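J.:
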Amino acid sequence: MDFGFPQTDRFRLTIALRSNTLAVFRQPERVLICLWPMKVRVCFHDKCFDGACSAALFTRFYQACVNRDADMQYYGLLHRAGQLFDESIFDGDENAIVDFKYSSSERLTWWFDHHQSAFLTEADAQHFARDTSGKKFYDPSFRSCTMLIAEIASTRFGFRAPELEETIYWADLIDGALYPDARSAVEMKEPAMQITMAIEGSTSPDFVTNLIPQLAFRPLAEIAASPPVHAAFERLQQQHLKWLELIRERGDLRQGVVFFDVSDQNMEGFNKFIPYYLFPDAIYSVGLSRSRERIKVAVGSSPWHPAGKTANLASICERYGGGGHAKVAAISLPPDDLEGARRVALEIVAELRQHSASDSSSAPSSPPAKGETSGIR
Ligand SMILES: [Mn+2]
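When you line the sequence shown up against our numbering, it's residues 2 to 378, in that order.
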């Protein structure tokens, strides 16, 4: 479109529109003040408290250090079987990913992650290694991506948000599974735990994206008490109790590994500590669940069991196309391949039972396991 501006002024107008700066034109009657905010697309790990808090903290950091008036728009990413990134999601003037895998797209301008399985391919890992932007950060030694962002923002950019300290603390505790015991992880008394439950169990696609601006500016107790979060928590609390009963019934604990198949329920999002709450002698757990989008094989280890835990769960899941952390990982499979998923789950159960035999040799001996004769379901 030609507004009748000389070429250079049209160029300046474009720059001004994109960077939210004052545009000054040579002809005084055409001086314009452009208030068109720059759009920042923030892709985050969906249905995850750390993912949402990472997006919230990144928002505060970005608006404080890069562009105060940036228009932040959020997009939740979930692990799915097959292709992860559709380039069209990177539709901002800047595009960020927090708490999720790397993308070698040229459109990606910011990246923070702490997952062991951060790179889909060796080519992606090399692409990251060559990056010189100073805006892409990876450190798997961090328990949470929120803490990684807090650390980088303060040490490299001088940004601090003391009023978000409680949020950062809880994101680190929850993602790092640093609960004192299974009871506090499963009984959900703290505001952060209630918000986590609402996030992990949300079914509306806007729930988490609407929550992120709240997490960026409000204290957790206030957010947990807000009508949408409180209502979601109440509803999910009922579901949580059902999960407890179902996993209690189906859990098959043998040789330190509890396996349960709840793939007939057509829902996922149970609290991952339920197996250790119900089966305190379990060192590892393997759960098979199914939703509309995927079948999930969730593999975890008990943060409270004293055994040595030599298995690297991310590495095991990577062999089947999944990933995660050494102590908790998962595999997503197509929703129509239940037989294949069950085979994968049982192979992992068998492998972990071998591990646990050596892991628990130094730990207190376990009493006879429940369901010893029931076989794997
Ligand atoms: Mn995380």
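From the three backbone atoms N, C-alpha and C, an ideal C-beta is built for every residue, glycine too.
Values in this document were obtained by computation on a predicted structure and should not be read as measured data.
1) Considering only their Cβ atoms, is the gap separating Ser357 from Gly257 smaller than 7 angstroms?
2) Is it buried or exposed for Leu54, if we count other Cβ within 10 angstroms and need 16 for buried?
3) Which runs of the beta strand (DSSP E), 3 residues or longer, sit entirely within the segment 265–350?
4) Counting beta carbon pairs with one atom in the segment 217–230 and one in the segment 313–322, are three or more of them shorter than 8 angstroms?
5) Return the first residue and the last residue of the alpha helix (DSSP H) that Glu164 is part of.
6) In whole angstroms, what separates the C-alpha of Trp37 from that of Ile150?
7) Using a Cβ-based criterion (distance less than 6 angstroms to any ligand heavy atom), does Cys146 qualify as near ligand 1?
8) Based on DSSP bridge pairs, tell me the residues matched to Lys102.
9) Using the three-state DSSP reduction, which class does His115 fall into: helix, strand or coil?
10) How do the segment 208–218 and the segment 150–160 stand: do at least 3 beta-carbon pairs fall below 8 angstroms, yes or no?
11) For the segment 209–259, which segments carrying the beta strand (DSSP E) assignment without a break, of at least 3 residues, lie completely within its bounds, in sequence order?
12) Do you know whose CA, among Phe59, Phe143, Asp51, lies nearest Arg42's CA?
13) Buried or exposed: where does Gly341 fall if 16 or more other Cβ atoms within 10 Å of its Cβ makes it buried?
14) Check whether the Cβ of Asp173 lies closer than 6 angstroms to any heavy atom of ligand 1, and answer yes or no.
15) Can you tell me where the beta strand (DSSP E) holding His46 begins and where it ends?
16) With Gly77 as the anchor, note down where its beta strand (DSSP E) starts and where it stops.
17) Here's the rule I'm using: 16 or more other beta-carbon atoms within 10 Å means buried, otherwise exposed. How should Ser118 be labelled?
18) Given this structure, state the Cα-to-Cα distance separating Glu250 from His241, to the nearest angstrom.
19) Restricting to Cα atoms, I'd like to know which of Trp305, Lys328, Lys297 is closest to Arg344.
20) At the level of alpha carbons, what is the spacing between Arg131 and Tyr103?
21) Considering only heavy atoms of ligand 1, does any lie closer than 6 angstroms to the CB of Asp100?
22) Leaving out five residues on either side along the sequence, give the residues of the same chain with a beta carbon under 7 angstroms from the beta carbon of Phe91.
23) Give me the residue from Asp360, Tyr321, Ser286 with the minimum Cα distance to Ala308.
24) Heavy atom of ligand 1 less than 6 angstroms from the Cβ of Asp182, yes or no?
25) Please work out which residues of its chain come closer than 6 angstroms, Cβ to Cβ, to Thr22, disregarding the five sequence neighbours upstream and downstream, and give them in chain order.
26) Going by the DSSP bridge assignment, what does Lys137 pair with across the sheet?
27) Note down the Cα distance separating Ser292 from Ser264, rounded to an integer number of angstroms.
28) What does a CB cutoff of less than 6 angstroms around Glu201 pick up in its chain, not counting 5 residues either side in sequence?
29) Mapping DSSP to helix, strand and coil, what is Asp87?
30) If distances are taken between C-alpha atoms only, which option among Leu254, Trp244, Glu246, Ser205 comes closest to Ala233?
31) Give me the residue from Val67, Tyr321, Ile196, Ala283 with the minimum Cα distance to Leu237.
32) Under a Cβ-count criterion, where at least 16 other Cβ atoms within 10 Å of its own Cβ denotes burial, should Ala124 be classed as buried or exposed?
33) What first and last residue would you give for the alpha helix (DSSP H) that runs through Met194?
34) List the residues that DSSP assigns as beta-bridge partners of Glu95.
T.: For this structure:
1) yes
2) The amino acid occupying residue 54 in the given sequence is Cys; Leu does not appear at that position. That one is buried.
3) 285–291, 296–302, 329–334
4) Counting C-beta pairs closer than 8 angstroms gives fewer than three between the segment 313–322 and the segment 217–230, which falls short of the contact rule.
5) Careful: Glu164 lies outside any alpha helix (DSSP H) and carries neither H nor E.
6) Roughly 27 angstroms separates the two Cα atoms.
7) yes
8) In DSSP, Lys102 forms no bridge with anything.
9) Secondary structure of His115 (DSSP, three-state): coil.
10) no
11) 253–255
12) Phe59
13) exposed
14) no
15) 40–46
16) It spans 72–78 - the beta strand (DSSP E) in which Gly77 sits, taken as one unbroken run.
17) buried
18) 14 angstroms
19) Of the candidates Trp305, Lys328, Lys297, the one whose C-alpha sits nearest the C-alpha of Arg344 is Lys297.
20) 13 angstroms
21) Relative to ligand 1, the beta carbon of Asp100 is positioned inside 6 angstroms of a heavy atom.
22) Arg42, Ser106, Arg108, Leu109
23) Asp360
24) no
25) At Thr22 the pLDDT is 49, less than 50, meaning the model places this residue with poor confidence and gives no usable figure here.
26) Trp112
27) 8 angstroms
28) Lys48, Gly270
29) If DSSP states are grouped into helix, strand and coil, Asp87 belongs with coil.
30) Ser205
31) The residue with the shortest Cα to Cα distance from Leu237 is Ile196.
32) Here Ala124 is exposed, its C-beta having fewer than 16 other C-beta atoms within 10 Å.
33) First-last of the alpha helix (DSSP H) with Met194: 192–202.
34) Glu95 pairs with Val41.
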